[in-house]
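Student: So the number in the numbering used here is just where the residue sits in the sequence shown, counting from 1, plus 499. Beta carbons are placed, not taken as given, at the ideal position from N, Cα and C, and that holds for glycine. Can you keep this structure in mind? I'll have questions shortly.
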Amino acid sequence: MEEDKITGLPENASRELREGEEYKPLLSPDKNYPEVNFRSVVIGLLMAVLFSAAAAYLGLKVGQVFEAAIPIAIIAVGLSSAGKRKNALGENVIIQSIGASSGVIVAGAIFTLPALYILQAKYPEITVSFLQVFLSSLLGGVLGILFLIPFRKYFVSDMHGKYPFPEATATTQVLVSGEKGGDQAKPLIVAGIIGGLYDFIIATFGTWAETFTSRVLPYGHELADKAKMVFKVNVGTAVLGLGYIVGLKYAAIICAGSVLIWFLIVPVLPLLDQSLLAVLNPGFTGSLTDMAPELIFKTFARHIGIGGIAMAGIIGIVRSRSIIKSAVGLASKEFKGKGHEVSAQVKRTQRDISMKIIVIGVILALVATFIFFYFGVVTNLLHAVVGIIVVAVIAFLFTTVAANAIAIVGTNPVSGMTLMTLILASVVMVAVGLKGTEGMVAALVIGGVVCTALSMAGGFITDLKIGYWVGTTPAKQETWKFLGTLVSAATVGGVIMILNKTYGFTGDNALVAPQANAMAAVIEPLMSGAGAPWYLYIVGAIISLVLTYFGVPALAFALGMFIPLELNTPLVVGGAISWYVSTRSKDKALNTARHEKGTLLASGFIAGGALMGVVSASLRFGGINVMNEAWMESAGAEWLALVMYGAVIGYLIWDSLRAKLEK
């Protein structure tokens, strides 16, 4: 087959299309290319196993799950380059798509399922098996894939240029730069090396702090302790690159949500009467006056973000009703045998798994989940029926929310949506008579299935967007994603069991598992008759409604209220750099060239940071700990961090502005 010359993504890949304009992917829809073969499937599955283990360990140790898509893309490109393989772009997309199942399955599993072990330490009658963890992850992942496929065309094609898709952008740049090689790939490689070393030095040695805070400023400690006001910024290159790709508009909206929470709501809460605080959060006992702002955020303010995300999700569902209706209509047509002629005319790059197969798959997956609930979780038929209804409704409706969040900011608020699912599931289960330890297990398993489904939906839309830009066959990505999910679920189940036996999730020297501990802390009082912070959820919901009325993207703002401040402020820094480098010249074409050069550099930062995050995690897993924690927590380390952050910002601006127009 004649080799196609890859010169980079088309100019209109990331902007809205003009009337009559069409996006033409790198791989022609009229040709066939190597995609699924023995090599791509085996390498993809190997990546799924390796990254599932690494991500599960790191996530349970520090509460952060790194995105596997980018490092897997780098490895895929490296292997094809080392083997001098031609036309490997389609294969590399499949490797990345299968392997990336690891990160999303891990995120779904470790946020909820270790809570079973945590509760087991307190309630010995609770039994936890490999099958529970494995099936929760597998069935959730399968449902996430099936529920998302009908929305693929809407998110990746119909909304072309309306969403930034930061992670998909970075991964695609890695794949494309690796394929085209030469001088065109140099900016991404250089930025990847700089960003990777920078983030590796922080994560492994603690040479400078990961976060700069206002506490090191004069009166900073007094301001944090007494006024409960603190400013924080993560100085990592990966988050900076993410902000550049997200852009100033969305970054500003996200950060506005953080500003509201951290500089208004957190300082005001300690001024409220103790009885009012008990109403706002029934599970709270103690005083806010002695609490750090970060703890006030976790105990109270973050729940406002959860309510905001939930309401933004409901608004998104209402607005997506026409898409849902069309997807159901297409399924109905195919069942009546009217869809064959239409599907035959669909181009290769727009061909999905048959809607008939998807509907049958959803039914079979829900039946399997029901059987799992009835024989493996609860002993009452009514409780199993209620459980499967909760899973089906919430997972399907919130699929679009998860995909939307990834499309906007590259971060899936899956733990927030899962916390809401756990609360709703617990309320429903208590209403039908399921309480105590059996109720805790049931709610957590339901939460595990939903959490994994939403995590998969958010992660998979990234894979499909990459495929859309490159020009691979969606149906092949969709089909082989199931195998990646199966292997990842089995790996994660085994890893969680091993880590529980080795370290445990409670007690001294145990793995932190922060999200799972939070889930356990929420669910125990609910199943014991205590209440949830409904008023805080309502406040968040009202904020989302008001923002929607005034035309402000509510989900982006709510994400800002939920995601910690230090991860939102760098988004604005990156977004501001993106705006700056693309507006310095009166020559529109030069501005575009500079912006595209910056996108390559930002993608390199994200890729380097993600890949070296895996290396750093592997060193920790191997027992190598060379972190200078005493220095890293000092004021000197924070000031050095600010200097290094300024240097890396300066490099991003300088190198972006060096872009020249191609002659």
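What is the residue span of the beta strand (DSSP E) that Thr-710 lies within?
Tutor: As a working note, residue 710 is residue 211 in the sequence shown. Looking at the DSSP string, the run of the beta strand (DSSP E) that includes Thr-710 is 710-712.
Student: Under 8 angstroms by Cβ, that's how I've got Ser-987 and Ser-600 pegged, so tell me the actual separation to the nearest angstrom.
Tutor: What you label residue 987 is simply residue 488 of the sequence shown in a count that begins at 1. What you label residue 600 is simply residue 101 of the sequence shown in a count that begins at 1. Yes, they are in contact, since the Cβ atoms of Ser-987 and Ser-600 sit about 4 angstroms apart, within 8 angstroms.
Student: Helix, strand or coil, according to DSSP, for Asn-733 in the structure here?
Tutor: Numbered from its first residue, the sequence shown carries residue 733 at position 234. Three-state DSSP puts Asn-733 in a strand.
Student: Is Arg-1157 helix, strand or coil when you go by DSSP?
Tutor: What you label residue 1157 is simply residue 658 of the sequence shown in a count that begins at 1. Arg-1157: coil per DSSP, three-state reduction.
Student: Is Gly-970 near Pro-528, with beta carbons less than 8 angstroms apart?
Tutor: Position 471 of the sequence shown holds residue 970. Position 29 of the sequence shown holds residue 528. Result yes, Cβ atoms of Gly-970 and Pro-528 sit closer than 8 angstroms.
Student: Please name the residue, chosen from Val-729, Glu-709, Val-603 and Gln-672, that lies closest to Pro-717 on a Cα-to-Cα basis.
Tutor: In the sequence shown, the residue the question calls residue 717 occupies position 218. The shortest Cα separation from Pro-717 among Val-729, Glu-709, Val-603 and Gln-672 belongs to Val-729.
Student: Excluding the 5 residues preceding and the 5 following Ala-1158 in the sequence, name in chain order all residues of the same chain whose CB lies nearer than 6 angstroms to its CB.
Tutor: On the sequence shown, position 659 is the one that residue 1158 refers to. Within the same chain, Ala-1158 has close Cβ partners Ala-1092, Arg-1093 and Lys-1096.
Student: Do Thr-1098 and Glu-624 have their C-beta atoms closer together than 8 angstroms?
Tutor: Counted from its first residue, the sequence shown places residue 1098 at position 599. Counted from its first residue, the sequence shown places residue 624 at position 125. No. Outside cutoff.
Student: Inspect the CB distances between the stretch 869-886 and the stretch 933-951 and report whether three or more fall short of 8 angstroms.
Tutor: Flag = yes, the stretch 869-886 and the stretch 933-951 touch.
Student: Measure the beta-carbon distance from Gly-1039 to Gly-804 and round it to whole angstroms, keeping in mind my assumption that it falls under 8 angstroms.
Tutor: Counting from 1 along the sequence shown, the entry for residue 1039 is found at position 540. Counting from 1 along the sequence shown, the entry for residue 804 is found at position 305. So it is a contact: roughly 6 angstroms between Cβ atoms.
Student: Could you say which of Leu-508, Leu-779, Phe-897 and Ala-690 lies nearest to Leu-1174 if we only look at CA atoms?
Tutor: Any property of residue 1174 remains undetermined from this structure, which presents the chain solely from 500 to 1162.
Student: Rounded to whole angstroms, what is the Cα-Cα separation between Leu-985 and Glu-510?
Tutor: For this step, residue 985 is matched to residue 486 along the sequence shown. For this step, residue 510 is matched to residue 11 along the sequence shown. Taking the straight line joining both Cα atoms gives about 37 angstroms.
Student: Less than 8 angstroms between C-beta atoms, sequence neighbours within five positions excluded: which residues of the same chain meet that for Glu-515?
Tutor: Here the question's residue 515 lines up with position 16 in the sequence shown. So the qualifying residues of the chain are His-659, Gly-660 and Lys-661.
Student: In terms of alpha-carbon separation, which member of Met-955, Trp-1078, Ile-1022 and Ile-960 lies closest to Thr-668?
Tutor: Locating residue 668 in the sequence shown gives position 169, where the first residue counts as 1. Out of Met-955, Trp-1078, Ile-1022 and Ile-960, Ile-960 has the C-alpha closest to the C-alpha of Thr-668.
Student: Quick one: is Arg-801 buried, meaning 16 or more other Cβ sit within 10 Å of its Cβ, or exposed?
Tutor: The sequence position of residue 801 within the sequence shown is 302, counting from 1. When all chains shown are included, Arg-801 counts as buried.
Student: Quick one: is Ser-774 buried, meaning 16 or more other Cβ sit within 10 Å of its Cβ, or exposed?
Tutor: Position 275 of the sequence shown holds residue 774. It is exposed - the Cβ of Ser-774 has fewer than 16 other Cβ atoms within 10 Å.
Student: If the criterion is Cβ atoms closer than 8 angstroms, does the pair Ile-922 and Leu-1025 meet it?
Tutor: By one-based count along the sequence shown, residue 922 stands at place 423. By one-based count along the sequence shown, residue 1025 stands at place 526. Yes. Within cutoff.
Student: What are the start and end residues of the alpha helix (DSSP H) that includes Trp-1078?
Tutor: As a working mapping, residue 1078 is identified with position 579 in the sequence shown. Taken as a continuous stretch (DSSP letters only), the alpha helix (DSSP H) holding Trp-1078 covers 1064-1080.
Student: Taking all protein chains shown into account, do 16 or more other C-beta atoms lie within 10 angstroms of the C-beta of Phe-869, making it buried, or fewer, making it exposed?
Tutor: For the purposes of this step, residue 869 is taken as the residue at position 370 of the sequence shown. Per the 10 Å Cβ criterion, buried.
Student: Could you check the C-alpha separation between Pro-524 and Val-845 for me, to the nearest Å?
Tutor: The residue labelled residue 524 in the question sits at position 25 within the sequence shown. The residue labelled residue 845 in the question sits at position 346 within the sequence shown. Their backbone Cα atoms lie some 15 angstroms apart in a straight line.
Student: Below 7 angstroms CB to CB, which residues in the same chain sit around Trp-968 once its five sequence neighbours on both sides are set aside?
Tutor: The sequence position of residue 968 within the sequence shown is 469, counting from 1. These residues qualify, in order along the chain: Leu-508, Ala-512, Pro-524 and Thr-671.
Student: Suppose the cutoff is 7 angstroms on Cβ atoms and the five residues either side in sequence are ignored; what does the same chain contact list for Ser-821 look like?
Tutor: By 1-based counting over the sequence shown, the position of residue 821 is 322. So the list is empty, once near-sequence residues are dropped.
Student: Assign Met-1131 to one of three DSSP states: helix, strand, or coil.
Tutor: Taking the sequence shown and counting its residues from 1, one reaches residue 1131 at position 632. Met-1131 falls in the helix class under three-state DSSP.
Student: Use the C-beta contact count for Ala-1088: other C-beta atoms within 10 angstroms, 16 or more gives buried, fewer gives exposed.
Tutor: Counting from 1 along the sequence shown, the entry for residue 1088 is found at position 589. The residue is exposed, with fewer than 16 neighbouring Cβ atoms inside 10 Å.
Student: Return the CA-CA distance between Ser-1115 and Leu-881, expressed in angstroms with no decimal places.
Tutor: Along the sequence shown, read from residue 1 onward, the residue named residue 1115 stands at position 616. Along the sequence shown, read from residue 1 onward, the residue named residue 881 stands at position 382. Using only the alpha carbons, I get a separation of about 47 angstroms.
Student: Would you call the CB atoms of Leu-787 and Pro-769 closer than 8 angstroms?
Tutor: Position 288 of the sequence shown, counted from the first residue, corresponds to residue 787. Position 270 of the sequence shown, counted from the first residue, corresponds to residue 769. Their beta carbons are under 8 angstroms apart, which means Leu-787 touches Pro-769 by this criterion.
Student: In the DSSP assignment, find the unbroken alpha helix (DSSP H) run with His-720 in it and report its ends.
Tutor: In the sequence shown, the residue the question calls residue 720 occupies position 221. Start and end: 719-725.
Student: Just tell me which of Asn-733, Gly-519, Leu-526 and Arg-517 has its CA closest to the CA of Thr-972.
Tutor: In the sequence shown, counting from the first residue as 1, residue 972 sits at position 473. Here the closest residue by C-alpha is Leu-526.
Student: I'd like to know whether the C-beta atoms of Ala-690 and Phe-1104 end up nearer to each other than 8 angstroms.
Tutor: On the sequence shown, position 191 is the one that residue 690 refers to. On the sequence shown, position 605 is the one that residue 1104 refers to. Yes, these two residues count as a Cβ contact at 8 angstroms.
Student: Looking at chain C, is there any beta carbon in it that lies within less than 8 angstroms of the beta carbon of Gln-773?
Tutor: Of the chains in the structure shown, none is chain C; there is only one protein chain.
Student: Can you tell me whether Gly-1108 sits near the ligand GTP, meaning its C-beta is under 7 angstroms from at least one heavy atom of the ligand?
Tutor: The model depicted lacks the ligand GTP and carries no ligand whatsoever.
Student: Given a cut-off of 8 angstroms on the beta-carbon distance, is the pair Thr-1001 and Ala-552 in contact?
Tutor: Counting from one through the sequence shown, the residue named residue 1001 turns up at place 502. Counting from one through the sequence shown, the residue named residue 552 turns up at place 53. Cβ distance not < 8 angstroms, so Thr-1001 and Ala-552 don't count as in contact.
Student: Please classify Thr-445 as buried or exposed, where buried requires at least 16 neighbouring CB atoms within 10 angstroms.
Tutor: There is no way to answer for residue 445, as the model of the chain reaches only from 500 to 1162.
Student: Which two residues bound the contiguous alpha helix (DSSP H) that contains Thr-788?
Tutor: Here residue 788 refers to the residue found at position 289 when the sequence shown is read from its first residue. It is not in any alpha helix (DSSP H) - Thr-788 carries neither H nor E in the DSSP assignment.
Student: Going by CA-CA distance only, name the one from Tyr-1150, Leu-1156, Gly-1149 and Ala-1140 that's closest to Val-734.
Tutor: Within the sequence shown, the letter at position 235 stands for residue 734. Nearest of Tyr-1150, Leu-1156, Gly-1149 and Ala-1140 to Val-734, Cα basis: Ala-1140.
Student: Is Phe-537 buried or exposed, if buried means 16 or more other CB atoms sit within 10 Å of its CB?
Tutor: Along the sequence shown, one-based indexing puts residue 537 at 38. The residue is exposed, with fewer than 16 neighbouring Cβ atoms inside 10 Å.
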